[in-house]
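Asks: With UniProt numbering, the residue at position 145 of the sequence shown is 145, and numbering never jumps.
If you scroll down you'll find the structure; I have some questions about it.
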Amino acid sequence: MGCTIMNLLSYAPLIVQGTLMTLAAWLVAGLCSFVIGTTLGILSCRHLASDSFSTAVRVYTFIAKGIPAYVQILIAYFVFPAAFGINIPGFIAAVGALAFCSSGYVTEIVRSGINSIPRGQWDACFVLGYPMKATLFRIILPQTFKNILPTLLGEFEQLLKSTSLLASIGITELTRTGMNIISRELNPIPVYLMIACIYLVFSAVLQSIIIMTEAKGQRGNY
Numbered sequence: 001m002g003c004t005i006m007n008l009l010s011y012a013p014l015i016v017q018g019t020l021m022t023l024a025a026w027l028v029a030g031l032c033s034f035v036i037g038t039t040l041g042i043l044s045c046r047h048l049a050s051d052s053f054s055t056a057v058r059v060y061t062f063i064a065k066g067i068p069a070y071v072q073i074l075i076a077y078f079v080f081p082a083a084f085g086i087n088i089p090g091f092i093a094a095v096g097a098l099a100f101c102s103s104g105y106v107t108e109i110v111r112s113g114i115n116s117i118p119r120g121q122w123d124a125c126f127v128l129g130y131p132m133k134a135t136l137f138r139i140i141l142p143q144t145f146k147n148i149l150p151t152l153l154g155e156f157e158q159l160l161k162s163t164s165l166l167a168s169i170g171i172t173e174l175t176r177t178g179m180n181i182i183s184r185e186l187n188p189i190p191v192y193l194m195i196a197c198i199y200l201v202f203s204a205v206l207q208s209i210i211i212m213t214e215a216k217g218q219r220g221n222y
């Protein structure tokens with residue numbers, strides 16, 4: 001049966017549910033990757049980390065960045081349960097894999113941002129008797145996040161698009177919802193175009209935020 005606009009409208013509740021699942025996966029994975037990546041990025045910067053810890057973090061980021069997100073999802077969903085005899089729900093496995101993958105990039109972004117702050121600022125805080133915690137959270141990190149915010153938002157935009165990989169293990173996010181509709185209507189063109197438009201809307205919103213933060217950064221307003 002051909003798929004028309006009216007047919008697609010009849011699937012609106014399913015499309016909304018799939019979109020919400022996509023956003024939920026993105027938000028959870030993004031929050032986890034931000035927390036993990038920021039923590040590792042701070043602790044592994046050259047002003048704080050020992051050589052052994054810095055090496056360990058570099059190994060972590062190498063693995064997280066070096067294995068494709070799709071393969072990481074398959075490992076989390078199929079390999080870990082078989083290897084350890086545990087049951088991992090598909091959503092948790094997929095979101096955990098995406099968070100792990102993204103955290104490698106966030107770690108590098110945060111660490112590079114901290115390392116880009118001139119050493120003289122660290123030395124000045126030390127001379128003035130600032131404790132390390134105050135130096136880090138009042139002086140260094142505000143400047144760091146001002147500089148790296150557009151790059152971080154770009155990484156989270158990529159993470160949003162990576163949520164389409166959840167369809168590979170049957171999670172009914174937006175892409176999988178579209179595939180289910182196609183199996184009923186047997187006309188993929190309008191369905192895939194609709195899915196592409198929804199992702200474009202999300203990307204346009206994030207791109208607008210990135211452009212605004214870059215403009216504010218150039219004016220020094222944040």
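By construction, the Cβ of each residue, glycine as well, lies at the ideal position given by its N, Cα and C atoms.
All values derive from a computational prediction rather than experimental measurement.
Does the distance from the C-beta atom of Ile73 to that of Ala94 stay below 8 Å?
Replies: Numbered from its first residue, the sequence shown carries residue 73 at position 73. Numbered from its first residue, the sequence shown carries residue 94 at position 94. Taking 8 Å as the Cβ cut-off, Ile73 and Ala94 qualify as a contacting pair.
Asks: Spatial neighbours of Ala49 within its chain, please: C-beta separation below 8 Å, excluding the five flanking residues on both sides.
Replies: For the purposes of this step, residue 49 is taken as residue 49 along the sequence shown, with counting starting at 1. Cβ within range, chain order: Leu43, Val57.
Asks: Looking only at C-alpha atoms, which of Asn115, Arg46, Val205, Ala76 sits nearest to Ala99?
Replies: By one-based count along the sequence shown, residue 99 stands at place 99. Looking at the Cα atoms, Ala76 is the closest of the given residues.
Asks: What did DSSP end up calling Thr172 once you bin it into helix, strand or coil?
Replies: Numbered from 1 along the sequence shown, position 172 holds the residue referred to as residue 172. Of the three classes helix, strand and coil, the one that applies to Thr172 here is coil, per DSSP.
Asks: Taking the alpha helix (DSSP H) that Val95 belongs to, which residues open and close that run?
Replies: Here residue 95 is taken as the residue at index 95 of the sequence shown, counted from 1. First-last of the alpha helix (DSSP H) with Val95: 90-115.
Asks: When we look at the beta-carbon of Ile211 and count the other beta-carbons within 10 Å, is it buried (16 or more) or exposed?
Replies: Against the sequence shown, residue 211 aligns to sequence position 211. Exposed, by the Cβ-count rule.
Asks: Quick one: grab the DSSP three-state call for Tyr11.
Replies: The residue labelled residue 11 in the question sits at position 11 within the sequence shown. Coil.
Asks: If you drop the 5 nearest sequence neighbours on each side, which residues of the same chain put their C-beta closer than 6 Å to that of Tyr199?
Replies: Here residue 199 is taken as the residue at index 199 of the sequence shown, counted from 1. Here the set comprises nothing.
Asks: Could you pull out every residue in the same chain whose Cβ sits closer than 7 Å to the Cβ of residue 286, ignoring the five residues on either side in sequence?
Replies: The structure shown does not extend to residue 286, since the chain is modelled only from 1 to 222, so the question has no answer here.
Asks: Pick helix, strand or coil for Lys216, following the three-state DSSP scheme.
Replies: Mapped onto the sequence shown, residue 216 falls at position 216. Helix at Lys216.
Asks: What's the C-alpha gap between Glu155 and Pro131?
Replies: In the sequence shown, counting from the first residue as 1, residue 155 sits at position 155. In the sequence shown, counting from the first residue as 1, residue 131 sits at position 131. Their Cα atoms are separated by approximately 32 Å.
Asks: My guess is that Thr135 and Val110 are in contact by the Cβ rule of under 8 Å, so how many angstroms apart are they, rounded?
Replies: The residue you call residue 135 lines up with position 135 of the sequence shown. The residue you call residue 110 lines up with position 110 of the sequence shown. Not confirmed; about 16 Å, so no contact.
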